[in-house]
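These protein sequence lines map, in sequence, to chains A and B. Residues 397 to 822 in the numbering used here are what the first sequence lists, from first letter to last. Residues 8 to 196 in the numbering used here are what the second sequence lists, from first letter to last.
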Amino acid sequence: MTRDSDRPLRYAAVVIIVLVLAAIVLPSIGVLSDLGYVGERTYLLVLQDNTELRNTGGLMACVGSVEIQNGALQNLKLYYSQSNAYANGTLSAAVNIGGPESFTAFYNTTYVRFWDMNVQYDFATFAPLYASAWQQLTGQHSDGVIGLDLTGLQELLKATGPVTVANETITWRNVIDRVHFADVATKGEAGQPALNGFLGQLASKIVTATQTADPAGKLLLLSTLHTLAQQQHLLIYAPGALTSYDGAIQKQTGDYLYVVDANSGSAKADLNVNRTITYHTYLYDNGTQTSNVTITYANNCGWTYKVFTTTIVPNDAVLLNTRYNSSYHLGPLVTYADNLTTISSYVEVPAHATANVTYEYSLPSTLLPAGVFSHYDLYVQKQPGIDQFTLNTAVTLPQGAQVIHESNVGNGIVANSDVQVEVIYR
Amino acid sequence: MRRRTKAIAAVAIAVILVAIVLLATLQTALTTESARNEQNPLFVQPQPNVQARLAQSATAGNLTFSVQNVMNGTNALQVWASVNASNHYAPLNPIPGSTYAVINVTVTSAIKGATPFSFSNIVLVGSDGRSYYANYAEGNASCSASLAAAQFKPGGACDVYVAFSIPDGIAPAKIVYTASNPAIVVNLG
Chain A
397 MTRDSDRPLR
407 YAAVVIIVLV
417 LAAIVLPSIG
427 VLSDLGYVGE
437 RTYLLVLQDN
447 TELRNTGGLM
457 ACVGSVEIQN
467 GALQNLKLYY
477 SQSNAYANGT
487 LSAAVNIGGP
497 ESFTAFYNTT
507 YVRFWDMNVQ
517 YDFATFAPLY
527 ASAWQQLTGQ
537 HSDGVIGLDL
547 TGLQELLKAT
557 GPVTVANETI
567 TWRNVIDRVH
577 FADVATKGEA
587 GQPALNGFLG
597 QLASKIVTAT
607 QTADPAGKLL
617 LLSTLHTLAQ
627 QQHLLIYAPG
637 ALTSYDGAIQ
647 KQTGDYLYVV
657 DANSGSAKAD
667 LNVNRTITYH
677 TYLYDNGTQT
687 SNVTITYANN
697 CGWTYKVFTT
707 TIVPNDAVLL
717 NTRYNSSYHL
727 GPLVTYADNL
737 TTISSYVEVP
747 AHATANVTYE
757 YSLPSTLLPA
767 GVFSHYDLYV
777 QKQPGIDQFT
787 LNTAVTLPQG
797 AQVIHESNVG
807 NGIVANSDVQ
817 VEVIYR
Chain B
8 MRRRTKAIAA
18 VAIAVILVAI
28 VLLATLQTAL
38 TTESARNEQN
48 PLFVQPQPNV
58 QARLAQSATA
68 GNLTFSVQNV
78 MNGTNALQVW
88 ASVNASNHYA
98 PLNPIPGSTY
108 AVINVTVTSA
118 IKGATPFSFS
128 NIVLVGSDGR
138 SYYANYAEGN
148 ASCSASLAAA
158 QFKPGGACDV
168 YVAFSIPDGI
178 APAKIVYTAS
188 NPAIVVNLG
């Protein structure tokens, strides 16, 4: 029994609920459509071996494509990236990358092999270039690119449980080593490993396990995929959909720090190399600042670790000083692109030793307006492919300034995703 | 009017409490599911089987199998580095909270004819009763190709090192070769 005076309220409530549902559902339909859950989409795939780090996550071990038709995966094709079989072996797999300048200037070339083309600073820049090169090589058009690294594969197997591939039991504990065994130890006379076959079967089994999982299992997989995307072990470039999963450079306002490393000929070393980023910035009364960043590598491998490292900082940074503590180094090389400053070096780290490089640079003001207070923000972006890094941060305020609030300032922050550092002071 | 406001507030609190309980239940279900799927399966001893001890040979069908040594922890990594010295493409990277066990096995093809053998059919049974599956294998120069091809030449013999990732605190209890008939069970205790 309701009163007539309640009727407008009830109508208003219904309208609001309908609008809220529409706001939630309509974009979801767009996203689902873009991903192939409604209609049909073709995605390129790239398995990045993050034990051999590259800028976008790891060595391009396997490439291929998959079609998603109304949510169902079809025509999964995987190729050992170095086989060139995807190009029918007849086309040259050399690709003109055009940039970034730090890479082309340092290595004095704009051409790389197809499977070495992930030299861009982020997946969002790499993916359309990869799609374009793929189309040129194979004629196949795609709607997006999905990248997964070996840590991602490991985590997916944690969610599904063990799977059987060609009578062999693959678990999250042995999958990375088994990928390497398939990659290295099974090379036949033609030099072609069984890697693509192994990964193709493994992918099919994981997809089947996903489809047959009970509701709790499906939720766990969704949760795992979300975490992997947050930690950039899973990257999805789908223009118009899921743009937050494309690993793009997150430079907004305020201070910014992004260290991008590429293993430069030291094989499967990277899970045995620990990184520490130590950042100390000094804020001055006139709003300018100087910063010191030290990148330290602890190499636990029994051989020399060689890394081409690029530190990306805000636009108009001026490099004041560089110090190396390493057995051999080259650099620094300073370049500017996309409203960012990049400082690159080549560093060698002997077996069972540490090495570091320190850059000191000045910056124009990165402070943000915050009413009567001053607001310092630093966004530290994690490179895809790295499981974690240690972050030490210190902020020296102008003389006489008093901290009102701070977060993520201090030593020993172990980060497996991006870190936002914040200091509010007066 | 005040009564109506109180009723709305009570409903809102009830909805929030139900949501919290549902989320907590969901989180618990996911954690349980995750823990269950992460664990390796419990070992079920295959029947029939032949049994042996460390450094003893056991023969099943065409295959003679003898576990010479079992190493774990730092010792295993050192052994692996020595047998795998030139291969920078297969370093062992211990998972946090885990260690490697490396076993040294001698495998011989007992009679004429090619013998199927795959290191991936060797299962390490931990002191927790669970099955751990091979991560990687290295053979001596005469049989490294056989390892990849999963096929021994007639009369072939092989000195194989097989690495397994096991959780910290778990000791190897048995090594089992599951592909022969009967299966070969080597008790390490």
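We put the CB at the ideal spot given by N, CA and C, even for glycine.
- Neighbours of SER127(B) in chain A, taken as residues at a C-beta separation under 7 Å, are given in chain order as GLU564.
- Counting along the chain, PRO728(A) sits inside the beta strand (DSSP E) bounded by residues 724–733.
- Counting C-beta pairs closer than 8 Å gives three or more between the region 570–582 of chain A and the region 96–108 of chain B, which meets the contact rule.
- As DSSP reads the structure, ALA67(B) sits in a beta bridge with LEU70(B).
- Among the residues of chain A, none has a CB under 7 Å from the CB of ASN188(B); the nearest is roughly 14 Å distant.
- ASP573(A): member of the alpha helix (DSSP H) spanning 571–576, first to last residue.
- Contact between GLY540(A) and TYR633(A) holds: their C-beta atoms lie close to 5 Å from each other, under 8 Å.
- Contact annotation: ARG822(A) and ALA790(A) have beta-carbon atoms that are not nearer than 8 Å.
- Around the beta carbon of ASP610(A), fewer than 16 other beta carbons sit within 10 angstroms, so the residue counts as exposed.
- By the criterion of at least three beta-carbon pairs nearer than 8 Å, the region 695–708 of chain A is in contact with the region 728–738 of chain A.
- Three or more pairs of CB atoms, one per stretch, sit closer than 8 Å, so the region 142–149 of chain B contacts the region 159–168 of chain B.
- Note on the region 488–567 of chain A: whole beta strand (DSSP E) runs with a minimum of 3 residues are 490–492, 507–509, 540–545, 559–561 and 564–566, in chain order.
- Listed along the chain, the chain A residues whose CB falls inside 9 Å of the CB of LEU37(B) are ALA612, LEU615, LEU616 and SER619.
- When Cβ-Cβ separations below 8 Å define contact, ASN111(B) makes no contact with chain A.
- In its chain, beyond the 5 residues on either side, THR731 and ALA733 have a beta carbon closer than 7 Å to the beta carbon of GLU497(A).
- Residue burial is scored here from C-beta neighbours: TYR775(A) has at least 16 other C-beta atoms within 10 angstroms and is therefore classed as buried.
- Annotation: Cβ neighbours of ALA555(A) in chain B (cutoff 9 Å, chain order): GLU40, SER41, ASN44 and GLU45.
- Within chain B, the C-beta atoms nearer than 9 Å to that of GLY698(A) come from ALA88, ALA92, HIS95 and PRO98, in chain order.
- Fully enclosed beta strand (DSSP E) runs of no fewer than 3 residues occupy 669–679 and 685–695 of the region 664–707 of chain A, in order along the chain.
- Under the DSSP assignment, LYS160(B) falls outside any beta strand (DSSP E); it carries neither an H nor an E label.
- Around the C-beta of TYR724(A), fewer than 16 other C-beta atoms lie within 10 Å, and the residue is accordingly described as exposed.
- With respect to the 8 Å criterion, VAL603(A) and LEU653(A) are not classified as neighbours on the basis of their beta carbons.
- With respect to chain B, the C-beta atom of PHE577(A) has a partner C-beta closer than 8 Å.
- Under the Cβ distance rule, ASP573(A) counts among the residues neighbouring chain B, one pair being separated by less than 8 Å.
- At a cut-off of 8 Å between C-beta atoms, ASN668(A) counts as an interface residue with respect to chain B.
- In the three-state scheme derived from DSSP, where H, G and I count as helix and E and B as strand, ASN147(B) is classed as coil.
- In this structure HIS748(A) is exposed. Its beta-carbon is surrounded by fewer than 16 other beta-carbon atoms within 10 angstroms.
- Taking a contact as a CB-CB distance under 8 Å, the pair ASN682(A) and ASN711(A) does not count as one, their CB atoms being some 18 Å apart.
- Per DSSP, the beta-bridge partners of ALA658(A) are PHE704(A).
- Three or more Cβ pairs closer than 8 Å define a contact, and the region 656–673 of chain A falls short of that threshold against the region 611–619 of chain A.
- A contact is defined here as three or more CB-CB pairs under 8 Å, and the region 806–820 of chain A fails this definition with respect to the region 655–667 of chain A.
- Leaving aside the five residues that flank MET78(B) on each side, the residues in its chain whose CB is nearer than 6 Å to its CB run, in chain order, VAL86 and VAL109.
- In terms of Cα proximity to LEU61(B), the closest of PRO53(B), ALA178(B) and SER73(B) is SER73(B).
- Listed in chain order, the beta strand (DSSP E) runs fully inside the region 584–636 of chain A are 630–633, counting runs of at least 3 residues.
- The residue from PRO189(B), GLY176(B), HIS95(B) and ASP175(B) with its alpha-carbon nearest to that of ASN69(B) is PRO189(B).
- Here LEU441(A) is near ILE542(A), since their CB atoms are less than 8 Å apart.
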